[in-house]
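Structure record follows, encoded as structure tokens.
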Ligand SMILES: Nc1ncnc2c1ncn2[C@@H]1O[C@H](COP(=O)(O)OP(=O)(O)OP(=O)(O)O)[C@@H](O)[C@H]1O
Ligand SMILES: [Mg+2]
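Protein chains in written order, with this note's numbering: chain A, 61 to 540; chain B, 2 to 370.
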């Protein structure tokens with residue numbers, strides 16, 4: 061392999077076929093006189109060779125011709141090799157010095173004298189790892205094991221994105237089980253019911269996180285009281301989710317206070333009764349009645365035997381995964397539950413009643429109201445909710461979120477507009493996103509951001525012996 | 002190293018060489034070529050070993066020179082007038098056609114000598130079947146001291162060549178070498194085939210070094226008793242000449258036809274001895290005209306008729322000859338591949354700012370770098 065050109069942080073190599081074996085995302089070290097350049101491979105192409113067109117045409121033209129060749133110097137085999145030469149395009153990530161990476165775009169290693177070799181996984185781990193002491197093994201990269209530190213997810217905004225069935229949820233499971241094992245608490249908003257099997261291993265035995273795994277199914281073991289939800293949350297639900305008109309909302313607030321005064325306690329039943337009895341404009345009565353009945357229909361509210369989320373969270377010591385199973389309820393119901401959970405968590409955190417936690421949200425646009433996005437990355441993050449967002453439709457997450465993301469696990473995307481959208485993130489150049497993400501095989505992802513000390517790494521995500529229940533349900537059962 | 006064991010390869014297993022009557026020509030000619038060029042291969046291999054560690058320059062562009070049809074001829078022709086000979090295809094017999102061409106290139110240049118590569122191709126058409134045999138590339142380092150011996154080794158080591166002084170090493174040696182390879186292949190084909198139309202590139206004129214009269218005569222003499230007819234097509238199109246002829250004279254013929262003009266050539270090319278007869282041939286209506294030298298037993302009309310029946314024409318030029326040309330011609334990729342072989346053999350190559358500069362400032366001096 062030889063350097064062909066270097067222009068700023070872009071570098072091109074020429075390699076004989078078979079010589080490279082390099083894949084997009086791999087790292088190579090270019091060393092010259094004690095100095096070392098760290099380069100990430102972005103693209104591998106055929107080299108543009110002088111006369112290749114002519115030569116290929118000649119071959120094509122003589123295709124029907126049977127050839128017998130007396131070639132004493134075996135020029136033919138060199139030609140075959142030459143024609144398969146590779147042009148390798150790389151991005152300079154910096155100059156390696158004393159075990160750390162320095163930015164030096166000006167240094168030009170010698171074309172002739174430079175030694176070019178694969179970077180060892182140990183070196184990449186060393187350069188990409190932070191000060192954390194809680195490693196999470198993600199998988200394999202360049203024939204080595206790659207891990208990140210749990211600390212780099214802590215207090216951060218993390219996005220997992222990629223095409224359908226590329227392994228996003230699988231990775232999310234690796235992350236949250238590891239976090240829980242290190243003692244962290246994780247709330248998982250589970251729209252597909254694919255996180256409910258985490259306590260079982262494939263072989264049927266209990267998994268390592270079995271004692272930390274709590275599944276909360278709204279309407280079943282997860283029902284809350286009106287009082288616990290509180291006036292503000294219920295008003296928000298009525299306003300944003302059930303589209304209650306402003307005048308009706310005002311009447312509702314009046315009603316809530318009235319019920320509280322008269323009954324000493326607000327219950328859903330009490331509110332419904334009050335609407336039937338008090339003096340109200342007919343249209344307001346209808347509006348409120350239909351909405352409260354639909355709240356009741358979700359079976360999420362239970363004023364008799366409610367669950368208290370803070371005691372639930374605090375009952376599990378040493379880390380826990382609280383899966384809120386949203387797979388069995390209507391889309392309204394889902395939004396109502398999430399609205400309750402987020403506002404409740406905020407209150408509890410603000411009041412110091414629970415510890416900071418991670419929030420895993422798959423396809424959040426399905427249940428998160430628009431106005432919550434900014435909240436999520438500003439206020440909520442500040443009080444201690446650290447989101448891990450998972451999506452296969454990157455444009456359902458606002459651009460501002462990408463810009464603020466500390467970490468991205470990027471799986472394969474082929475769609476140009478998806479790639480464009482993601483490449484807006486501040487933490488990485490768009491060439492890297494576009495060239496590498498396009499070529500990622502399933503179950504491989506490009507890790508970007510703090511988790512890798514801003515040294516993008518392609519990793520083959522490891523297996524996990526947990527029962528996943530994440531597979532897409534099929535009509536005819538097993539596919540392939 | 003020179004590898005004589007994997008010398009022979011069947012690149013395309015499709016269109017396999019058939020059975021039956023033709024078998025005698027279908028055997029791989031490995032041993033034929035190996036023994037034919039044994040002396041030369043040994044010499045050339047030794048010549049390359051002799052420059053191990055030497056620095057040589059590589060040229061970035063190779064200029065291909067082509068001979069021009071002499072302009073005076075046109076004037077002569079116009080004065081004398083011409084009479085076309087009709088070529089008839091209908092009654093002609095189908096025959097085997099074998100086309101031969103060679104080419105050469107300078108691979109690297111030093112102050113004392115040059116590395117030259119040569120390659121030859123035979124294209125054989127037997128009725129509907131067509132195949133090619135490619136010989137080379139051969140590479141050889143040539144300097145003033147060794148040139149005579151090398152050239153004679155190409156000729157089988159039997160002849161000493163003394164004319165070297167007439168030639169400029171850098172400009173002519175590659176062409177001379179390709180010319181001699183060509184003659185060797187022609188001679189080889191003449192002996193290998195029977196009742197065949199042999200198509201050569203260029204002319205049958207015998208010149209001083211690359212076209213020794215004795216060799217050209219030997220080829221022609223060898224062809225006749227075996228029933229072979231030789232047609233040498235000059236690659237240079239003489240469209241302009243024809244254009245003038247056709248507009249100036251009333252040629253009462255439609256192609257294909259030829260015009261005899263041995264007399265004109267003999268007068269014009271006084272330096273060389275013209276063997277056989279020379280014609281201007283216009284073989285297809287849309288095609289151009291070419292000079293054709295012929296050493297044949299039958300009439301030119303018969304032989305060309307058989308050629309037209311057996312081979313296809315591309316712009317009035319035989320397809321097999323075009324194929325042979327394409328298969329032996331070097332391109333940039335070949336050059337790169339051969340230069341890499343030189344490097345592997347320990348020869349240092351660099352790009353001098355100019356080859357001229359290299360020639361007049363002997364920096365390599367033949368010493369190891
Ligand atoms: N690293 C891995 N090792 C073994 N199996 C994996 C791995 N990654 C994913 N899988 C399996 O591949 C399938 C798809 O993975 P997963 O459900 O995580 O994809 P996804 O990207 O979340 O898909 P979707 O967009 O449909 O949610 C699952 O059966 C999962 O168990
Ligand atoms: Mg998924």
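Glycine residues also receive a C-beta, built at the ideal position from the N, C-alpha and C atoms.
Inter-stretch contact (C-beta, 8 angstroms, three-pair minimum) for the segment 488 to 507 of chain A and the segment 467 to 476 of chain A | yes
Within this structure, are the beta carbons of residue 88 of chain A and residue 177 of chain A separated by less than 9 angstroms?
-> yes
Hey, residue 397 of chain A and residue 389 of chain A: beta-carbon distance below 9 angstroms or not?
-> yes
Drop a sphere of 10 angstroms on the beta-carbon of residue 67 of chain A, count the other beta-carbons inside from all chains shown, and report buried for 16 or more, exposed for fewer.
-> exposed
Tell me which same chain residues have a C-beta within less than 6 angstroms of the C-beta of residue 86 of chain A, skipping the five on either side of it?
-> 101 and 202
Is residue 101 of chain B closer than 9 angstroms to residue 187 of chain B when the C-beta atoms are compared?
-> yes
What residues in the segment 41 to 56 of chain B bring their beta carbon closer than 7 angstroms to a beta carbon of chain A?
-> 42
Minimum Cβ-Cβ distance from residue 135 of chain A to chain B less than 9 angstroms = yes
Could you give the residue range of the alpha helix (DSSP H) that holds residue 302 of chain B?
-> 301 to 311
Within 10 angstroms of the Cβ of residue 105 of chain A, are there 16 or more other Cβ atoms? Answer buried if so, exposed if not.
-> exposed
What residues of chain B sit near residue 225 of chain A, judged by a beta carbon separation below 9 angstroms?
-> Per Cβ cutoff of 9 angstroms: no residues; residue 225 of chain A is ~42 angstroms from chain B at best.
Closer than 9 angstroms to chain A by CB, residue 287 of chain B | no
Quick one, which residues of the segment 291 to 325 of chain B are near chain A if we go by CB-CB under 8 angstroms, in chain order?
-> 324
Do residue 199 of chain B and residue 230 of chain B have their CB atoms nearer than 9 angstroms?
-> yes
Is it a yes or a no for the segment 358 to 365 of chain A touching the segment 221 to 238 of chain A, going by three-plus beta-carbon pairs under 8 angstroms?
-> no
Outcome for residue 286 of chain B when other beta-carbon atoms lying within 10 angstroms are tallied against a minimum of 16 | exposed
Identify whether residue 168 of chain B lies in helix, strand or coil by the three-state DSSP scheme.
-> Caution applies to residue 168 of chain B, whose pLDDT of 49 falls short of 50 and renders its modelled position unreliable; the value that the coordinates give is listed next. DSSP places residue 168 of chain B in coil when its eight states are reduced to three.
Would you call residue 382 of chain A buried or exposed, if buried means 16 or more other Cβ atoms sit within 10 Å of its Cβ?
-> buried
Where are the alpha helix (DSSP H) runs, 4 residues long or more, that stay fully inside the segment 104 to 188 of chain B, in chain order?
-> 148 to 155
Beta strand (DSSP E) runs contained entirely in the segment 134 to 192 of chain A, provided each spans 3 or more residues | 146 to 157, 160 to 162 and 175 to 178
So, helix, strand or coil for residue 325 of chain B, using DSSP?
-> helix
Which residues, in order along the segment 128 to 150 of chain B, keep a beta-carbon less than 8 angstroms from a beta-carbon of chain A?
-> 131, 132, 133, 134, 135, 136, 137, 138, 139 and 140
Under the three-state DSSP convention, the category residue 33 of chain B falls into | helix
Decide if residue 292 of chain B is buried, meaning its Cβ has at least 16 other Cβ atoms within 10 Å, or exposed.
-> buried
With a Cβ-Cβ cutoff of 9 angstroms, do residue 210 of chain A and residue 189 of chain A count as a contact?
-> no
Does the Cβ of residue 229 of chain A lie closer than 8 angstroms to at least one heavy atom of ligand 1?
-> yes
Of the choices A:73, A:410, A:314 and A:266, whose alpha-carbon is the least far from that of residue 175 of chain A?
-> A:73
Would residue 144 of chain A count as contacting chain B if we go by Cβ distances under 9 angstroms?
-> no
Would you say residue 450 of chain A touches ligand 1, meaning its beta carbon is less than 8 angstroms from a heavy atom?
-> yes
Applying the criterion that 16 or more other CB atoms from any shown protein chain within 10 Å of the CB defines a buried residue, is residue 138 of chain B buried or exposed?
-> buried
Under 8 angstroms by beta carbon: chain A residues contacting residue 155 of chain B | Neighbours of residue 155 of chain B on chain A: none; closest Cβ ~14 angstroms, over 8 angstroms.
Is residue 206 of chain B helix, strand or coil by DSSP?
-> strand
Does the distance from the C-beta atom of residue 301 of chain A to that of residue 169 of chain A stay below 9 angstroms?
-> no
Would a check of beta-carbon distances place residue 191 of chain B closer than 9 angstroms to chain A?
-> no
Relative to the C-alpha of residue 97 of chain A, which residue among A:283, A:171 and A:274 is closest?
-> A:171
Cβ of residue 472 of chain A versus every heavy atom of ligand 2: is any distance shorter than 8 angstroms?
-> no
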